[in-house]
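Asker:
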Amino acid sequence: MMMYSPVVIVGAGPAGLMLGCELALAGVTATILERRPAPRTDSPGAAVNAGAVEALELRGLMDRLRHLTFPLPMIHFSLLFLEMEKVDERAKGTLLLQQTQLERVLEERATELGVKILRDHEVTRIDQDDDGVTALVRTPGGIERIECGYLVGADGADGAVRRLAGIPLTGAEIAFYGITGDLEISMEELGPLPLGAAYYPAGGQWMCAPIGPDVMRVTTAEFDIEPADPTADVTVEEFRMAVRRLTGAELTAGKPRWLSRTDCRIAQAEAYRRGRVLLAGDAACVIYPVNGQALANALHDALNLGWKLAAQVQGWAPPGLLDSYHDERHAVGRRACDNVRAQVTLSRGHEEVGAVRDLLGQLMRFDEVNRYLAGMLSGVDTAYEPSGAGPAERHPLTGTRPSPDLWVASDDGDSPAAGAAESLRQGRGVVLYLDGDPDRPGPAAAWSSRVDQVRVSRVPGVDADVVLLRPDGHVAWACRGDGAGLNEALSTWFGAPSTEKSGAS
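This is how it looks when you write it as C-alpha coordinates:
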(Lines of atoms letter the chains of each structure in order from A and count residues from 1; the text may use other names and numbers.)
(Lines give C-alpha, C1' and ligand atoms only; values in the text may rest on other atoms or scores of the structure.)
Protein backbone atom coordinates (compact mmCIF):
# COMPACT_ATOMS: atom_id res chain seq x y z
CA MET A 1 0.00 0.00 0.00
CA MET A 2 1.28 3.49 -0.84
CA MET A 3 0.17 6.94 0.32
CA TYR A 4 1.37 10.45 -0.52
CA SER A 5 1.71 13.59 1.60
CA PRO A 6 3.44 16.84 0.59
CA VAL A 7 5.34 16.75 3.89
CA VAL A 8 5.86 13.86 6.29
CA ILE A 9 6.99 14.63 9.83
CA VAL A 10 8.45 11.77 11.84
CA GLY A 11 7.80 12.25 15.56
CA ALA A 12 4.80 13.58 17.50
CA GLY A 13 6.74 15.38 20.21
CA PRO A 14 6.75 19.18 20.65
CA ALA A 15 8.87 19.85 17.55
CA GLY A 16 6.86 17.59 15.25
CA LEU A 17 3.44 18.72 16.48
CA MET A 18 4.40 22.40 16.35
CA LEU A 19 5.79 21.97 12.84
CA GLY A 20 2.59 20.26 11.73
CA CYS A 21 0.63 23.26 12.99
CA GLU A 22 2.98 25.68 11.23
CA LEU A 23 2.65 23.94 7.88
CA ALA A 24 -1.12 23.74 8.20
CA LEU A 25 -1.34 27.47 8.97
CA ALA A 26 0.56 28.08 5.74
CA GLY A 27 -1.82 25.85 3.78
CA VAL A 28 0.41 22.78 3.41
CA THR A 29 -0.87 19.31 4.25
CA ALA A 30 1.38 17.38 6.61
CA THR A 31 1.26 13.85 7.98
CA ILE A 32 2.93 13.01 11.30
CA LEU A 33 4.21 9.47 11.88
CA GLU A 34 4.77 8.49 15.52
CA ARG A 35 6.45 5.28 16.64
CA ARG A 36 4.60 5.09 19.97
CA PRO A 37 1.11 3.56 19.82
CA ALA A 38 -0.34 6.17 22.22
CA PRO A 39 0.56 9.56 23.69
CA ARG A 40 3.19 9.29 26.39
CA THR A 41 2.09 9.34 30.02
CA ASP A 42 5.47 10.19 31.55
CA SER A 43 6.56 13.79 31.23
CA PRO A 44 10.31 14.27 30.80
CA GLY A 45 9.91 18.03 30.56
CA ALA A 46 8.39 19.93 33.47
CA ALA A 47 8.96 23.60 32.63
CA VAL A 48 9.00 26.06 29.74
CA ASN A 49 11.37 29.00 29.71
CA ALA A 50 10.57 32.52 28.53
CA GLY A 51 11.70 31.80 24.98
CA ALA A 52 9.38 28.81 24.72
CA VAL A 53 6.51 30.83 26.18
CA GLU A 54 7.05 33.50 23.54
CA ALA A 55 6.94 30.87 20.77
CA LEU A 56 3.63 29.55 22.09
CA GLU A 57 2.28 33.07 22.66
CA LEU A 58 3.12 34.00 19.07
CA ARG A 59 0.56 31.47 17.83
CA GLY A 60 -2.01 32.09 20.57
CA LEU A 61 -1.37 28.73 22.22
CA MET A 62 -0.72 30.13 25.69
CA ASP A 63 -4.44 30.93 25.87
CA ARG A 64 -4.99 27.17 26.11
CA LEU A 65 -2.05 26.47 28.40
CA ARG A 66 -1.80 29.26 30.93
CA HIS A 67 -4.26 27.73 33.41
CA LEU A 68 -2.02 24.65 33.54
CA THR A 69 1.12 26.60 34.45
CA PHE A 70 2.72 27.95 37.61
CA PRO A 71 5.38 30.70 37.70
CA LEU A 72 8.95 29.60 38.39
CA PRO A 73 10.69 32.87 39.31
CA MET A 74 14.29 31.71 39.03
CA ILE A 75 17.05 31.29 36.44
CA HIS A 76 20.33 29.54 37.11
CA PHE A 77 23.62 28.83 35.42
CA SER A 78 24.80 25.44 36.69
CA LEU A 79 22.73 26.07 39.84
CA LEU A 80 24.36 29.43 40.45
CA PHE A 81 21.20 31.51 40.69
CA LEU A 82 20.83 34.85 38.98
CA GLU A 83 19.67 37.90 40.92
CA MET A 84 16.21 38.26 39.43
CA GLU A 85 15.86 41.95 40.29
CA LYS A 86 18.75 42.56 37.84
CA VAL A 87 17.19 40.50 35.03
CA ASP A 88 15.14 42.05 32.24
CA GLU A 89 11.42 41.43 32.77
CA ARG A 90 11.10 39.66 29.44
CA ALA A 91 13.48 36.85 30.47
CA LYS A 92 11.63 36.07 33.72
CA GLY A 93 8.75 34.15 32.18
CA THR A 94 9.70 30.56 33.11
CA LEU A 95 6.64 28.46 33.93
CA LEU A 96 6.11 24.99 35.34
CA LEU A 97 4.27 23.01 32.66
CA GLN A 98 4.21 19.28 32.10
CA GLN A 99 5.38 18.17 28.66
CA THR A 100 2.43 15.79 28.42
CA GLN A 101 0.05 18.74 28.83
CA LEU A 102 1.91 20.76 26.21
CA GLU A 103 1.85 17.87 23.74
CA ARG A 104 -1.87 17.32 24.33
CA VAL A 105 -2.64 20.96 23.49
CA LEU A 106 -0.35 20.93 20.45
CA GLU A 107 -2.00 17.72 19.21
CA GLU A 108 -5.46 19.24 19.68
CA ARG A 109 -4.42 22.28 17.66
CA ALA A 110 -2.78 20.18 14.95
CA THR A 111 -5.92 18.07 14.62
CA GLU A 112 -8.08 21.20 14.35
CA LEU A 113 -5.87 22.39 11.49
CA GLY A 114 -6.20 19.12 9.62
CA VAL A 115 -2.86 17.51 10.38
CA LYS A 116 -3.03 13.72 10.14
CA ILE A 117 -1.30 11.93 13.05
CA LEU A 118 -0.60 8.22 12.55
CA ARG A 119 0.56 6.36 15.67
CA ASP A 120 2.32 3.01 15.84
CA HIS A 121 4.10 3.95 12.59
CA GLU A 122 7.88 3.45 12.59
CA VAL A 123 10.09 4.58 9.70
CA THR A 124 12.61 1.88 8.76
CA ARG A 125 14.08 3.16 5.49
CA ILE A 126 14.38 6.43 3.56
CA ASP A 127 15.22 6.93 -0.11
CA GLN A 128 15.27 10.30 -1.79
CA ASP A 129 15.87 11.76 -5.23
CA ASP A 130 15.42 15.17 -6.84
CA ASP A 131 11.64 14.75 -6.90
CA GLY A 132 10.83 13.51 -3.42
CA VAL A 133 11.31 11.06 -0.57
CA THR A 134 10.06 7.50 -0.16
CA ALA A 135 9.83 6.04 3.35
CA LEU A 136 9.20 2.45 4.32
CA VAL A 137 7.05 2.41 7.45
CA ARG A 138 6.22 -0.42 9.82
CA THR A 139 2.53 -0.09 10.70
CA PRO A 140 -0.03 -2.26 12.57
CA GLY A 141 -1.11 -3.54 9.16
CA GLY A 142 2.38 -4.35 7.91
CA ILE A 143 5.03 -2.51 5.90
CA GLU A 144 3.74 0.47 3.93
CA ARG A 145 5.43 2.84 1.49
CA ILE A 146 4.82 6.55 1.97
CA GLU A 147 5.92 9.12 -0.59
CA CYS A 148 6.34 12.80 0.14
CA GLY A 149 7.91 15.94 -1.20
CA TYR A 150 9.91 16.52 1.98
CA LEU A 151 10.47 14.49 5.14
CA VAL A 152 11.33 16.05 8.51
CA GLY A 153 12.91 14.06 11.32
CA ALA A 154 11.54 15.33 14.64
CA ASP A 155 11.89 11.92 16.26
CA GLY A 156 14.19 12.78 19.12
CA ALA A 157 17.80 12.28 20.08
CA ASP A 158 17.73 8.58 19.21
CA GLY A 159 15.41 8.89 16.23
CA ALA A 160 15.83 6.96 13.02
CA VAL A 161 15.65 9.74 10.44
CA ARG A 162 19.04 11.30 11.09
CA ARG A 163 20.72 7.89 10.91
CA LEU A 164 18.79 6.76 7.84
CA ALA A 165 19.62 10.02 6.06
CA GLY A 166 23.32 9.56 6.82
CA ILE A 167 23.67 12.84 8.71
CA PRO A 168 26.54 12.66 11.26
CA LEU A 169 26.04 13.73 14.88
CA THR A 170 29.00 15.59 16.37
CA GLY A 171 29.49 15.82 20.11
CA ALA A 172 30.06 13.71 23.19
CA GLU A 173 28.28 11.61 25.78
CA ILE A 174 29.58 12.37 29.25
CA ALA A 175 29.95 9.80 32.03
CA PHE A 176 26.76 10.37 33.99
CA TYR A 177 24.29 8.67 36.32
CA GLY A 178 20.90 10.33 36.10
CA ILE A 179 17.44 9.34 37.30
CA THR A 180 14.26 11.36 37.06
CA GLY A 181 10.67 10.63 37.92
CA ASP A 182 7.47 11.71 39.59
CA LEU A 183 7.08 10.79 43.25
CA GLU A 184 3.88 10.77 45.29
CA ILE A 185 5.14 12.38 48.47
CA SER A 186 4.18 15.28 50.74
CA MET A 187 6.41 18.16 51.82
CA GLU A 188 6.61 16.70 55.30
CA GLU A 189 7.65 13.28 54.03
CA LEU A 190 10.65 14.78 52.21
CA GLY A 191 12.27 15.22 55.60
CA PRO A 192 15.80 16.63 55.26
CA LEU A 193 15.77 16.48 51.47
CA PRO A 194 15.67 20.01 50.04
CA LEU A 195 12.85 21.42 47.97
CA GLY A 196 14.18 23.16 44.88
CA ALA A 197 17.59 22.65 43.31
CA ALA A 198 21.02 22.19 44.82
CA TYR A 199 24.61 21.58 43.74
CA TYR A 200 26.54 19.01 45.74
CA PRO A 201 30.31 19.45 46.09
CA ALA A 202 30.95 15.77 45.37
CA GLY A 203 29.83 16.50 41.83
CA GLY A 204 26.13 16.42 41.11
CA GLN A 205 22.76 18.14 41.13
CA TRP A 206 19.52 17.53 42.99
CA MET A 207 16.17 18.90 41.85
CA CYS A 208 12.81 18.52 43.58
CA ALA A 209 9.75 20.56 42.58
CA PRO A 210 6.02 20.17 43.18
CA ILE A 211 4.05 19.42 40.02
CA GLY A 212 0.72 18.65 41.68
CA PRO A 213 -0.87 18.02 45.08
CA ASP A 214 1.61 15.81 46.96
CA VAL A 215 3.47 14.98 43.75
CA MET A 216 7.11 15.94 43.24
CA ARG A 217 9.34 15.84 40.19
CA VAL A 218 12.64 14.52 41.54
CA THR A 219 15.93 14.34 39.62
CA THR A 220 19.33 13.08 40.67
CA ALA A 221 22.29 13.94 38.44
CA GLU A 222 25.74 12.56 39.23
CA PHE A 223 28.72 13.25 37.02
CA ASP A 224 31.74 11.08 36.26
CA ILE A 225 30.03 7.85 37.34
CA GLU A 226 27.73 5.53 35.38
CA PRO A 227 25.07 2.91 36.23
CA ALA A 228 26.10 -0.73 36.10
CA ASP A 229 23.50 -1.43 33.42
CA PRO A 230 22.23 1.70 31.59
CA THR A 231 19.60 -0.39 29.78
CA ALA A 232 17.95 -1.83 32.91
CA ASP A 233 14.74 -0.38 34.33
CA VAL A 234 15.22 1.86 37.34
CA THR A 235 14.19 0.18 40.59
CA VAL A 236 12.93 1.99 43.67
CA GLU A 237 15.94 0.78 45.65
CA GLU A 238 18.35 2.05 43.00
CA PHE A 239 16.62 5.44 43.09
CA ARG A 240 16.87 5.62 46.87
CA MET A 241 20.55 4.69 46.73
CA ALA A 242 21.16 7.49 44.20
CA VAL A 243 19.42 9.98 46.50
CA ARG A 244 21.52 8.80 49.45
CA ARG A 245 24.76 8.85 47.46
CA LEU A 246 24.16 12.35 46.14
CA THR A 247 22.59 14.12 49.12
CA GLY A 248 23.65 12.05 52.10
CA ALA A 249 20.00 11.87 53.21
CA GLU A 250 17.55 8.99 53.16
CA LEU A 251 14.40 8.90 51.05
CA THR A 252 12.20 6.76 53.25
CA ALA A 253 8.73 7.63 51.91
CA GLY A 254 7.00 8.21 48.61
CA LYS A 255 5.61 6.08 45.80
CA PRO A 256 7.09 6.58 42.31
CA ARG A 257 4.59 7.06 39.50
CA TRP A 258 7.38 6.52 37.01
CA LEU A 259 11.17 6.51 36.99
CA SER A 260 13.54 6.68 34.04
CA ARG A 261 17.21 7.12 33.29
CA THR A 262 18.64 10.28 31.81
CA ASP A 263 21.93 10.63 30.03
CA CYS A 264 24.20 13.59 29.45
CA ARG A 265 24.67 14.09 25.74
CA ILE A 266 25.59 17.36 24.10
CA ALA A 267 25.73 16.93 20.35
CA GLN A 268 24.52 18.42 17.11
CA ALA A 269 23.75 17.16 13.62
CA GLU A 270 26.33 18.41 11.14
CA ALA A 271 23.53 19.46 8.80
CA TYR A 272 19.88 20.25 9.47
CA ARG A 273 19.10 19.61 5.82
CA ARG A 274 20.25 16.95 3.41
CA GLY A 275 18.39 17.27 0.13
CA ARG A 276 14.71 16.75 0.88
CA VAL A 277 15.26 15.47 4.42
CA LEU A 278 15.41 17.94 7.32
CA LEU A 279 15.87 17.65 11.08
CA ALA A 280 14.27 19.57 13.95
CA GLY A 281 14.23 19.52 17.74
CA ASP A 282 16.26 16.89 19.57
CA ALA A 283 16.87 15.05 16.29
CA ALA A 284 18.92 18.06 15.18
CA CYS A 285 20.44 19.18 18.49
CA VAL A 286 20.79 16.99 21.59
CA ILE A 287 20.99 19.18 24.70
CA TYR A 288 21.32 17.97 28.28
CA PRO A 289 18.04 19.18 29.86
CA VAL A 290 18.78 22.38 31.73
CA ASN A 291 17.05 25.81 31.71
CA GLY A 292 14.32 24.48 29.40
CA GLN A 293 16.62 25.13 26.47
CA ALA A 294 15.93 21.87 24.60
CA LEU A 295 12.16 22.47 24.47
CA ALA A 296 12.53 26.13 23.49
CA ASN A 297 14.99 25.07 20.80
CA ALA A 298 12.50 22.54 19.43
CA LEU A 299 9.62 25.02 19.26
CA HIS A 300 11.71 27.69 17.55
CA ASP A 301 13.08 25.13 15.08
CA ALA A 302 9.47 24.51 14.08
CA LEU A 303 8.65 28.21 13.83
CA ASN A 304 11.72 28.83 11.69
CA LEU A 305 11.26 25.84 9.40
CA GLY A 306 7.50 25.81 8.96
CA TRP A 307 6.94 28.89 6.80
CA LYS A 308 10.12 28.30 4.82
CA LEU A 309 9.24 24.70 4.00
CA ALA A 310 5.69 25.74 3.11
CA ALA A 311 7.11 28.34 0.73
CA GLN A 312 9.26 25.67 -0.89
CA VAL A 313 6.33 23.27 -1.29
CA GLN A 314 4.06 25.99 -2.67
CA GLY A 315 6.67 27.16 -5.14
CA TRP A 316 7.18 30.77 -4.07
CA ALA A 317 10.32 30.41 -1.93
CA PRO A 318 13.07 32.83 -3.01
CA PRO A 319 16.54 31.35 -3.59
CA GLY A 320 18.23 30.17 -0.39
CA LEU A 321 15.19 30.52 1.86
CA LEU A 322 14.99 26.85 2.87
CA ASP A 323 18.76 26.63 3.27
CA SER A 324 18.58 29.54 5.72
CA TYR A 325 16.89 27.16 8.15
CA HIS A 326 20.19 25.34 8.71
CA ASP A 327 22.21 28.55 8.69
CA GLU A 328 20.09 30.19 11.39
CA ARG A 329 19.09 27.32 13.63
CA HIS A 330 22.41 25.44 13.56
CA ALA A 331 24.09 28.53 14.97
CA VAL A 332 21.48 28.81 17.74
CA GLY A 333 21.87 25.12 18.57
CA ARG A 334 25.63 25.47 18.71
CA ARG A 335 25.31 28.36 21.16
CA ALA A 336 23.01 26.28 23.36
CA CYS A 337 25.41 23.33 23.26
CA ASP A 338 28.28 25.59 24.28
CA ASN A 339 26.53 27.10 27.29
CA VAL A 340 25.17 23.73 28.43
CA ARG A 341 28.63 22.18 28.10
CA ALA A 342 29.97 24.96 30.33
CA GLN A 343 27.21 24.32 32.89
CA VAL A 344 27.93 20.59 32.92
CA THR A 345 31.63 21.28 33.46
CA LEU A 346 30.75 23.48 36.45
CA SER A 347 28.60 20.69 37.92
CA ARG A 348 31.57 18.44 38.62
CA GLY A 349 33.27 18.07 41.99
CA HIS A 350 34.14 21.16 44.00
CA GLU A 351 37.83 20.29 44.13
CA GLU A 352 37.92 20.48 40.34
CA VAL A 353 35.62 23.44 39.63
CA GLY A 354 35.04 25.17 42.98
CA ALA A 355 37.28 28.13 42.24
CA VAL A 356 35.54 28.79 38.92
CA ARG A 357 32.09 28.52 40.53
CA ASP A 358 33.15 30.97 43.23
CA LEU A 359 34.46 33.45 40.64
CA LEU A 360 31.31 33.18 38.52
CA GLY A 361 29.22 33.72 41.64
CA GLN A 362 31.11 36.97 42.25
CA LEU A 363 30.57 38.08 38.66
CA MET A 364 26.85 37.52 39.07
CA ARG A 365 26.72 40.54 41.34
CA PHE A 366 26.96 42.71 38.24
CA ASP A 367 23.75 43.78 36.48
CA GLU A 368 25.09 43.22 32.98
CA VAL A 369 26.21 39.65 33.75
CA ASN A 370 22.72 38.79 35.02
CA ARG A 371 21.06 40.37 31.98
CA TYR A 372 23.39 38.61 29.54
CA LEU A 373 23.03 35.16 31.10
CA ALA A 374 19.25 35.50 31.44
CA GLY A 375 18.88 36.51 27.80
CA MET A 376 21.04 33.62 26.63
CA LEU A 377 19.51 30.92 28.85
CA SER A 378 15.92 31.96 28.13
CA GLY A 379 16.59 32.47 24.43
CA VAL A 380 14.84 35.85 24.29
CA ASP A 381 18.04 37.48 23.00
CA THR A 382 18.28 35.15 19.99
CA ALA A 383 19.24 37.05 16.85
CA TYR A 384 19.98 35.57 13.45
CA GLU A 385 23.03 36.74 11.59
CA PRO A 386 21.97 38.57 8.42
CA SER A 387 22.59 36.57 5.27
CA GLY A 388 24.42 37.96 2.29
CA ALA A 389 21.16 38.64 0.46
CA GLY A 390 19.12 41.79 0.78
CA PRO A 391 19.87 45.46 1.45
CA ALA A 392 23.48 46.31 2.21
CA GLU A 393 22.82 48.67 5.12
CA ARG A 394 21.16 46.87 8.01
CA HIS A 395 19.14 48.27 10.85
CA PRO A 396 20.14 47.07 14.36
CA LEU A 397 16.77 45.29 14.69
CA THR A 398 17.47 43.04 11.72
CA GLY A 399 17.57 39.38 12.77
CA THR A 400 16.35 40.00 16.30
CA ARG A 401 13.10 38.75 17.81
CA PRO A 402 11.66 41.85 19.46
CA SER A 403 9.55 41.78 22.56
CA PRO A 404 5.89 41.15 21.74
CA ASP A 405 5.29 44.71 22.97
CA LEU A 406 6.45 45.81 19.52
CA TRP A 407 3.47 44.25 17.77
CA VAL A 408 0.61 44.07 20.26
CA ALA A 409 -0.27 47.74 19.74
CA SER A 410 -2.45 48.10 16.64
CA ASP A 411 -4.43 50.89 15.08
CA ASP A 412 -7.57 49.91 16.98
CA GLY A 413 -5.99 49.69 20.43
CA ASP A 414 -3.70 47.51 22.50
CA SER A 415 -5.52 44.21 22.08
CA PRO A 416 -3.13 41.30 21.42
CA ALA A 417 -5.89 39.69 19.32
CA ALA A 418 -5.83 42.49 16.74
CA GLY A 419 -3.50 43.93 14.15
CA ALA A 420 -0.06 42.40 13.87
CA ALA A 421 -0.61 39.96 16.72
CA GLU A 422 -3.52 38.38 14.88
CA SER A 423 -1.51 38.16 11.65
CA LEU A 424 1.33 36.43 13.48
CA ARG A 425 -1.11 34.03 15.12
CA GLN A 426 -2.05 32.98 11.61
CA GLY A 427 1.60 32.47 10.65
CA ARG A 428 1.79 35.40 8.25
CA GLY A 429 4.47 38.01 7.65
CA VAL A 430 3.77 41.58 8.72
CA VAL A 431 4.90 45.02 7.57
CA LEU A 432 4.65 47.36 10.54
CA TYR A 433 4.41 51.09 9.90
CA LEU A 434 5.35 52.53 13.25
CA ASP A 435 4.50 56.17 12.58
CA GLY A 436 0.75 55.51 12.63
CA ASP A 437 0.28 57.59 9.47
CA PRO A 438 -2.98 56.37 7.85
CA ASP A 439 -2.05 58.03 4.54
CA ARG A 440 1.26 56.25 4.16
CA PRO A 441 1.38 54.25 0.90
CA GLY A 442 1.49 50.46 1.29
CA PRO A 443 3.83 48.85 -1.24
CA ALA A 444 3.46 45.49 0.51
CA ALA A 445 0.01 45.11 -1.04
CA ALA A 446 1.66 43.26 -3.92
CA TRP A 447 2.62 40.53 -1.40
CA SER A 448 -0.79 40.40 0.29
CA SER A 449 -1.05 36.62 -0.10
CA ARG A 450 1.81 36.24 2.38
CA VAL A 451 2.23 39.55 4.21
CA ASP A 452 -0.20 41.84 6.05
CA GLN A 453 0.26 45.58 6.57
CA VAL A 454 -0.40 47.04 10.01
CA ARG A 455 -0.03 50.61 11.25
CA VAL A 456 0.91 50.93 14.91
CA SER A 457 1.72 53.72 17.31
CA ARG A 458 5.28 54.84 17.77
CA VAL A 459 7.04 52.35 20.07
CA PRO A 460 9.34 53.92 22.69
CA GLY A 461 12.95 52.84 22.27
CA VAL A 462 12.46 51.52 18.72
CA ASP A 463 14.22 53.80 16.27
CA ALA A 464 12.50 52.59 13.10
CA ASP A 465 9.65 53.74 10.90
CA VAL A 466 9.05 50.50 8.99
CA VAL A 467 9.66 46.93 10.23
CA LEU A 468 9.17 43.71 8.25
CA LEU A 469 8.39 40.80 10.56
CA ARG A 470 8.80 37.21 9.43
CA PRO A 471 6.13 34.66 10.42
CA ASP A 472 8.44 33.42 13.22
CA GLY A 473 8.49 36.87 14.83
CA HIS A 474 12.04 37.77 13.80
CA VAL A 475 12.77 41.03 12.02
CA ALA A 476 13.60 40.44 8.37
CA TRP A 477 14.29 44.11 7.68
CA ALA A 478 13.77 47.54 9.22
CA CYS A 479 14.52 51.13 8.30
CA ARG A 480 14.18 54.73 9.32
CA GLY A 481 12.54 57.14 6.93
CA ASP A 482 10.27 56.47 3.97
CA GLY A 483 10.76 52.71 3.65
CA ALA A 484 13.11 52.68 0.68
CA GLY A 485 14.31 49.11 0.24
CA LEU A 486 11.10 47.47 1.49
CA ASN A 487 10.29 45.92 -1.88
CA GLU A 488 13.77 44.40 -2.07
CA ALA A 489 13.39 42.98 1.45
CA LEU A 490 9.97 41.55 0.63
CA SER A 491 11.36 39.85 -2.47
CA THR A 492 14.33 38.49 -0.48
CA TRP A 493 12.14 36.85 2.16
CA PHE A 494 8.72 36.41 0.55
CA GLY A 495 9.51 35.83 -3.11
CA ALA A 496 7.98 37.46 -6.15
CA PRO A 497 4.89 39.65 -5.68
CA SER A 498 1.53 37.93 -5.74
CA THR A 499 -1.76 39.53 -4.85
CA GLU A 500 -3.71 36.30 -4.44
CA LYS A 501 -4.91 36.24 -0.82
CA SER A 502 -3.91 33.17 1.20
CA GLY A 503 -6.68 30.81 2.27
CA ALA A 504 -4.83 29.54 5.35
CA SER A 505 -6.50 29.93 8.70
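In terms of the UniProt record's numbering, the sequence shown opens at residue 1 and continues consecutively. Glycine residues also receive a C-beta, built at the ideal position from the N, C-alpha and C atoms. If you're wondering where the values come from, they're calculated on a predicted model, not measured in any experiment.
Could you tell me which residues DSSP puts in a beta bridge with TYR177?
Answerer: The residue you call residue 177 lines up with position 177 of the sequence shown. DSSP output for TYR177 lists GLU222 as bridge partner(s).
Asker: Looking at ALA420 and VAL459, is the spacing between their C-beta atoms short of 8 angstroms?
Answerer: Numbered from its first residue, the sequence shown carries residue 459 at position 459. Numbered from its first residue, the sequence shown carries residue 420 at position 420. No.
Asker: If we count the other Cβ atoms within 10 Å of its Cβ and call it buried at 16 or more, is PHE70 buried or exposed?
Answerer: If you number the sequence shown from 1, residue 70 lands on position 70. Its Cβ having fewer than 16 others within 10 Å, PHE70 is exposed.
Asker: Can you tell me the Cβ-Cβ gap for THR235 and TRP206, rounded? I've got them flagged as a contact below 8 angstroms.
Answerer: Here residue 235 refers to the residue found at position 235 of the sequence shown. Here residue 206 refers to the residue found at position 206 of the sequence shown. Not quite, the Cβ-Cβ distance comes to about 19 angstroms (not below 8 angstroms), so this is no contact.
Asker: Please look up how many angstroms separate the CB atoms of ARG119 and GLU34, rounded, as I've assumed it's under 8 angstroms.
Answerer: The residue you call residue 119 lines up with position 119 of the sequence shown. The residue you call residue 34 lines up with position 34 of the sequence shown. With 8 angstroms as the limit, ARG119 and GLU34 qualify as a contact, their Cβ atoms being about 5 angstroms apart.
Asker: Label LYS308 either buried or exposed according to how many other C-beta atoms from any shown protein chain fall within 10 Å of its C-beta, with 16 as the threshold for buried.
Answerer: As a position in the sequence shown, residue 308 is number 308, starting the count at 1. Classification of LYS308: buried, given that the 10 Å Cβ count is 16 or more.
Asker: Excluding sequence positions up to five away, which residues of its chain have a Cβ less than 7 angstroms from the Cβ of GLY349?
Answerer: Sequence index remark: in the sequence shown, residue 349 carries index 349 (1-based). PRO201, ALA202, GLY203.
Asker: Pull up the DSSP beta-bridge partners for THR400, would you.
Answerer: As a position in the sequence shown, residue 400 is number 400, starting the count at 1. Paired residues: ALA383.
Asker: Once the 5 residues before and after ARG470 are set aside, which same chain residues still bring their CB inside 8 angstroms of it?
Answerer: Indexing the sequence shown from 1 puts residue 470 at position 470. Same-chain partners within the cutoff: TRP307, GLY429, ALA476, TRP493.
Asker: Can you tell me where the alpha helix (DSSP H) with GLY306 in it begins and where it stops?
Answerer: Taking the first residue of the sequence shown as 1, we reach residue 306 at position 306. Its alpha helix (DSSP H) spans residues 293 to 314.
Asker: In the DSSP assignment, the beta strand (DSSP E) including TYR433 goes from what residue to what residue?
Answerer: If you number the sequence shown from 1, residue 433 lands on position 433. It spans 429 to 433 - the beta strand (DSSP E) in which TYR433 sits, taken as one unbroken run.
Asker: For PHE81, does the count of other Cβ atoms within 10 angstroms reach 16, so buried, or fall short, so exposed?
Answerer: On the sequence shown, position 81 is the one that residue 81 refers to. When all chains shown are included, PHE81 counts as exposed.
Asker: Would DSSP call ALA197 helix, strand or coil?
Answerer: Taking the sequence shown and counting its residues from 1, one reaches residue 197 at position 197. Here ALA197 sits in strand by DSSP.
Asker: Taking the alpha-carbon positions, what's the ARG240 to THR252 distance?
Answerer: Numbered from its first residue, the sequence shown carries residue 240 at position 240. Numbered from its first residue, the sequence shown carries residue 252 at position 252. So the two alpha carbons sit approximately 8 angstroms from each other.
Asker: Suppose you measure from the CA of GLY473 to the CA of PRO318; what does that come to, to the nearest Å?
Answerer: Locating residue 473 in the sequence shown gives position 473, where the first residue counts as 1. Locating residue 318 in the sequence shown gives position 318, where the first residue counts as 1. Roughly 19 angstroms separates the two Cα atoms.
Asker: Please classify ALA175 as buried or exposed, where buried requires at least 16 neighbouring CB atoms within 10 angstroms.
Answerer: Translated into positions along the sequence shown, residue 175 becomes position 175. Burial call: exposed.
Asker: Would you mind giving the Cβ-Cβ distance between VAL161 and ILE126, rounded to the nearest angstrom? I have them listed as a contact below 8 angstroms.
Answerer: Residue mapping note: residue 161 aligns to position 161 of the sequence shown, counting from 1. Residue mapping note: residue 126 aligns to position 126 of the sequence shown, counting from 1. Correct: roughly 7 angstroms between the Cβ atoms.
Asker: Could you compute how far the alpha carbon of ALA221 sits from the alpha carbon of ILE287?
Answerer: Here residue 221 refers to the residue found at position 221 when the sequence shown is read from its first residue. Here residue 287 refers to the residue found at position 287 when the sequence shown is read from its first residue. Note on geometry: alpha-carbon atoms of ALA221 and ILE287 lie some 15 angstroms from one another.
Asker: Per DSSP, which one or two residues make a beta bridge with TYR150?
Answerer: In the sequence shown, counting from the first residue as 1, residue 150 sits at position 150. Bridge partners of TYR150: VAL7.
Asker: Quick check: VAL7 and CYS148, are their CB atoms within less than 8 angstroms of each other?
Answerer: Residue 7 sits at position 7 when you count from the first residue of the sequence shown. Residue 148 sits at position 148 when you count from the first residue of the sequence shown. Closer than 8 angstroms, so yes.
Asker: Could you give the residue range of the beta strand (DSSP E) that holds TRP493?
Answerer: As a first step, residue 493 must be located in the sequence shown, where it is residue number 493. Counting along the chain, TRP493 falls outside any beta strand (DSSP E), though it belongs to the alpha helix (DSSP H) covering 486 to 494.
Asker: Would you say ALA221 faces chain B, with C-beta separation under 8 angstroms as the test?
Answerer: Protein chains in the displayed structure number just one, and chain B is not present.
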